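Number of protein chains: 2
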Amino acid sequence: MGTTSDFQQLLRGADLRVTRPRLAVLTAVYEHSHADTDSIITAVRRDLPHVSHQAVYDSLHTLTAAGLVRRIQPSGSVARYESRIGDNHHHVVCRSCGRIADVDCAVDHVPCLTASDDHGFTIDEAEVIYWGVCPDCSTASNS
Amino acid sequence: MGTTSDFQQLLRGADLRVTRPRLAVLTAVYEHSHADTDSIITAVRRDLPHVSHQAVYDSLHTLTAAGLVRRIQPSGSVARYESRIGDNHHHVVCRSCGRIADVDCAVDHVPCLTASDDHGFTIDEAEVIYWGVCPDCSTASNS
DNA sequence: GCCTATTCTTGACTGATTCCAGAAAACCGG
DNA sequence: CCGGTTTTCTGGAATCAGTCAAGAATAGGC
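Protein chains in written order, with this note's numbering: chain A, 1 to 143; chain B, 1001 to 1143.
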């Protein structure tokens, strides 16, 4: 995974037009997991120096809507994007530095997907965010 | 629960000064669960017409830090606050209208609190958000 | 009632995200 | 390979939640 033609296939498979900005955005998200929009813009501009931030925002929205990338946004953080999709994994977020790491679900079957009382809602996804402190910040505050 | 003197006790118990804005904010959060900051400001101003938005923001931060209210912020939503604390319940969010409802945890014991691989993080909270469509929006889109 | 630390007011400001109108590019059929 | 059509991109302005800062007001202890 990772070649330009792979990404072209992905876009076509999702019925999306193949454009340079979209390819660059897709590449950037695959290469920088959990990157915020600003980092993605910077990364994209290494390939295409003249893309507008609007094109990046738009591409990200389109790709998110198509399910090619996933948008995550823990409280107090800006939007971040990741490429691991469809495997129901979750995230640990550091309260101190905001770092994000992936975690597979503790329960092997779809975990808390069934709420005890769903209030009539039709639930299609359960998102789990673990809050804590990452190793780096932990040692930093202990010293 | 709900009288002014109750809230005074709460504030004193948390070593916080009892001020009119704080009492009004606390009351507003108790009366309007899952309200966003703007609604809270409006509600507060029914009692105290002259409070600044800054005072409300500050009170909310203070109360959150003291653990008297909880801040929740699903992706794509502004900050919201609720008064149910300390019982490890979760939320269903409507993708269409943004409505939020409470759900108790499906698993009776602390649920997904143990990640399969915590990457060295010290985890202190697991936040679960169920995404779906609420009954109202569901019927609205079917018709 | 007075003093001091904390909190509130006022008003400006930041920064992420969105809106808009025109220019450019991608896909389709020939 | 070439127009026509539709979608996307550019550039710039606008929005909106939330924050910052300095001085005025107030709670709580003595």
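Cβ atoms here follow ideal geometry from the backbone N, Cα and C, with glycine treated the same way.
Predicted model, so just to flag it, every value in this text is computed and none were measured.
- Between Val1133 (chain B) and Tyr1081 (chain B) a beta carbon distance of about 24 Å is seen, past the 8 Å cut, so the two are scored as non-contacting.
- Interface annotation, Cys1097 (chain B): not in contact with chain A, CB-CB separation never under 8 Å.
- Within chain A, the residues placing a beta-carbon under 9 Å from that of Val1092 (chain B) are Ala115, Asp118, His119, Phe121 and Ile123, ordered along the chain.
- Residues are counted here when their Cβ sits less than 8 Å from a Cβ of chain A; for the segment 1072 to 1090 of chain B these are Ile1072, Gln1073, Ser1075, Gly1076, Ala1079 and His1090, given in chain order.
- A Cβ of chain B is located within less than 8 Å of the beta carbon of Tyr130 (chain A).
- Just so you know, the alpha carbons of Gly1076 (chain B) and His1050 (chain B) end up roughly 30 Å apart.
- At a C-beta separation below 7 Å, Ala126 (chain A) has these neighbours in chain B: Val1128 and Tyr1130.
- Residue-level contact by beta carbon holds for Asp104 (chain A) and chain B, with a gap shorter than 8 Å.
- Interface criterion not met: the Cβ of Pro49 (chain A) is under 8 Å from no Cβ in chain B.
- Below the 9 Å Cβ cutoff, chain B contributes no neighbours of Ser5 (chain A), its closest Cβ being approximately 32 Å away.
- Judged by DSSP secondary structure, Gly1132 (chain B) falls within the beta strand (DSSP E) whose first and last residues are Thr1122 to Val1133.
- Interface flag for Ser138 (chain A) against chain B is set, since a Cβ pair is found closer than 8 Å.
- The Cβ atoms of Asp1104 (chain B) and Asp117 (chain A) sit closer than 8 Å to each other.
- Relative to the Cα of Asn88 (chain A), the nearest Cα in the group A:Glu31, A:Ala126 and A:Ser138 belongs to A:Ala126.
- Within the segment 1034 to 1082 of chain B, the beta strand (DSSP E) runs of at least 3 residues that lie entirely inside it are, in chain order, 1070 to 1072 and 1080 to 1082.
- Below 8 Å, too few C-beta pairs join the segment 92 to 102 of chain A and the segment 51 to 68 of chain A to call them touching: fewer than three.
- By the criterion of a C-beta distance shorter than 8 Å, Leu1048 (chain B) is surrounded in its chain by Arg1020, Pro1021 and Ala1024, once the five residues flanking it on both sides are discounted.
- Proximity to Pro74 (chain A) across A:Cys97, A:Gly86 and A:Ser39 peaks at A:Cys97, based on C-alpha coordinates.
- Taking the C-beta atoms as reference points, Trp131 (chain A) is found no nearer than 8 Å to Asp1036 (chain B).
- For Asp6 (chain A), the enclosing alpha helix (DSSP H) has its first and last residue at Thr4 to Gly13.
- At a cut-off of 8 Å between beta-carbon atoms, Val133 (chain A) makes contact with chain B.
- The C-alpha of Arg1046 (chain B) is placed about 22 Å away from the C-alpha of Thr1064 (chain B).
- Within 10 angstroms of the beta-carbon of Ile85 (chain A) lie fewer than 16 other beta-carbons, which makes it exposed.
- In the three-state DSSP reduction, Val1025 (chain B) falls in the helix class (H, G or I).
- In the same chain as Cys1137 (chain B), and ignoring 5 residues on each side of it, the C-beta atoms closer than 7 Å to its own belong to Cys1094, Ser1096 and Cys1097, in chain order.
- Counted as a single uninterrupted DSSP element, the beta strand (DSSP E) harbouring Ile100 (chain A) occupies residues Ile100 to Val103.
- Taking C-beta separations shorter than 6 Å and ignoring five residues to either side along the sequence, the partners of His91 (chain A) in its chain run Ile100 and Ile129, following chain order.
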